[in-house]
Every structure is written in structure tokens, then in C-alpha cells.
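Numbering (the numbering used here), first residue to last: 1268 to 1420.
The beta-carbon is built from N, C-alpha and C at its ideal position, and this holds for glycine as well.
Working notes for the structure below.
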Amino acid sequence: MTSNVWTLKPSKHHREGQCFAHFAIAFSTRDQANKAICNGIVVTGKHIFVCCQLAESKWCLCCQYIGGHLSSACKASKPVCAHCAEHHNTTSCPHACTQDHDHLCCANCVETDAKGHGAASHSCPVFLQKLQAMFAYFIANKYRFFPTVDPSA
């Protein structure tokens, strides 16, 4: 039924006592994927909601730039933190584990309203603008199901 299953975040990065996490499944056929989207799936006795993974802009994990390149092709001389926009790796950010949102600063919004969210936030105005552009470009993002010959899809 599936060809690949993987979690989106390694278990070593889960919080202590965390019971749930996101994961991705690659189905063998579009019909199988559509059936899972329509009915959901059961994993370890829990009914799981299934949806298509939307195409999003490339996001560089080094400089945090959204929409142009990945970290393997980044030309930045220093890394930029996704939490506070300072020049250090995100994994070594002293503010990462605090609940204090005053330290959050978006590297993509530094000219405008960068405070209150990090570069990885899905509420970032720059991210939302790039996502809207991707929706216009990738028509499949607008549909709940994968296109098939089945008229119900």
C-alpha cells in the first residue's frame, strides 16, 4: 500500500513525554492516496486525518531565506538562526526552548515587523506571500485529492 513512511522530525528532537508527531506517507498509487484522504487511516488504534502535502517554497536552513535555494547551495558567510535571526545555528540558539516570544525574530521580515515570530513560522507574512505564489503556480495545491480518472477525485 505504501512505499515510504517517515516522520518529519527525528524522535530525538521530540519533547519529553510527547505522544504525537507529524509523519509523511508516500502511497504507491494516487487511488490509494485518495482513499486515505477520503477515509483516513488507523495507526496503532488511532484514526488519523490524511491530507495532501502542499508544495511550498524552498527554505534555506542556513540563511533562512524562503523561495530561492536550499542550504546545500547557500552562499551566506554565517548561519542565521530561525528563532532569533542572530548569527548562530538554530540548534544552538539560547532562546529556542523558552516560551518567551520576545526573543523571536524573523530573518525574512527584518525590514518590517520581524518580532513575535521566527523564520519557521507559518504565520510569517513573507512565508504566506510565497505560499500564495506557490498556490498560483502549482494548481494541484488547490485540490483536496490527487487527479485520477475516477470522477469522484
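Buried or exposed (CB count within 10 angstroms, at least 16 for buried), residue i
i	result
Phe1405	exposed
Pro1346	buried
Asn1306	exposed
Cys1373	buried
Cys1286	exposed
Start and end residues, beta strand (DSSP E) containing residue i
i	result
Lys1313	Lys1313 to Ile1315
Ile1292	Phe1290 to Phe1294
Three-state class that DSSP yields for residue i in the structure shown
i	result
Val1347	coil
Cys1391	coil
Lys1276	coil
Lys1342	coil
Cys1305	helix
Lys1325	coil
Own chain partners of residue i with C-beta closer than 7 Å, once the 5 adjacent residues on each side are dropped
i	result
Val1377	Ala1352
Cys1341	Cys1327, Cys1329 and Cys1330
Leu1395	none
Cys1318	Ile1304
Lys1333	Sequence inspection shows Ile at residue 1333; the Lys mentioned does not correspond to that position. Closer than 7 Å at the Cβ level, and outside the excluded window around Ile1333, lie Ser1324, Trp1326, Asn1375, Val1393, Phe1394 and Lys1397.
His1336	Lys1325 and Cys1327
Leu1321	Asn1408
Start-to-end residues for the alpha helix (DSSP H) that takes in residue i
i	result
Ile1333	Ile1333 -> no alpha helix (DSSP H), and no H or E assigned at all.
Ile1308	Careful: Ile1308 lies outside any alpha helix (DSSP H), inside the beta strand (DSSP E) at Ile1308 to Val1310.
Short Cβ contact (8 Å threshold) for residue i with residue j
i	j	result
His1422	Leu1371	Residue 1422 falls outside the range modelled here, since the chain spans only 1268 to 1420, and no answer is possible.
Glu1323	Met1401	yes
Ala1349	Ala1386	yes
Close-in-space but distant-in-sequence residues of the same chain around residue i (CB under 8 Å, 5 per side omitted)
i	result
Ser1390	His1384
Val1309	Ile1315
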